[in-house]
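First the structure, in the form of structure tokens, and then the observations on it.
Numbering (the UniProt record's numbering), first residue to last: 1 to 179.
Take a look at the structure:
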């Protein structure tokens, strides 16, 4: 079994910074952090550690796509084989969050027809409800799906169609660069 991994880079990083802000006392609760737009800018996600947290060694070898801004050059993601980074400039016009959601869903479904084999698993590291139809498409055709994201930011609809939901909350400290 191989894992095909799709990472919404900006969302997983931003929401991790929000959770880190609460844990460090910058906000009294997640509701407070969300309503006052408080994040811990010192917490930096290491995408390689994120990948390792959701992909057991024995199940690697599928495909990994990281959507978002280019990770720092010291990020451990660059030491992994087969990572496809789909990046946009930070100043790119338009709603890049929506573009990422559409690209993730499109690639997810495309890979299920062109690259995935029975027994392979799709892992979506994102929480937006716009990904629900793509995840549902794979699940309904027999491809197991995992949604891994922060508890506070995973859409109920997305949780409802995934075969497995994994909370990243417990591994926040381990996912930070320099941890």
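Cβ atoms here follow ideal geometry from the backbone N, Cα and C, with glycine treated the same way.
These numbers were taken from a predicted model, which means no experiment stands behind them.
| query | result |
| --- | --- |
| Residues sharing a beta bridge with residue 167, DSSP | 149 |
| Own chain partners of residue 136 with C-beta closer than 8 Å, once the 5 adjacent residues on each side are dropped | 161 |
| Assigned secondary structure, residue 176 (DSSP; H/G/I helix, E/B strand, else coil) | strand |
| Buried or exposed by the 16-neighbour rule on C-beta atoms within 10 Å, applied to residue 1 | exposed |
| Per DSSP, cross-strand counterpart(s) of residue 63 | 4 |
| CB of residue 127 within 7 Å of CB of residue 66, strictly | no |
| Of the listed residues 113, 169, 60, nearest to residue 182 (C-alpha basis) | A query on residue 182 cannot be resolved here, the shown segment of the chain reaching from 1 to 179 and no further. |
| Same chain, Cβ closer than 6 Å to residue 153, neighbours up to 5 away in sequence not counted | 15, 127 |
| DSSP state of residue 33 mapped onto helix, strand, coil | helix |
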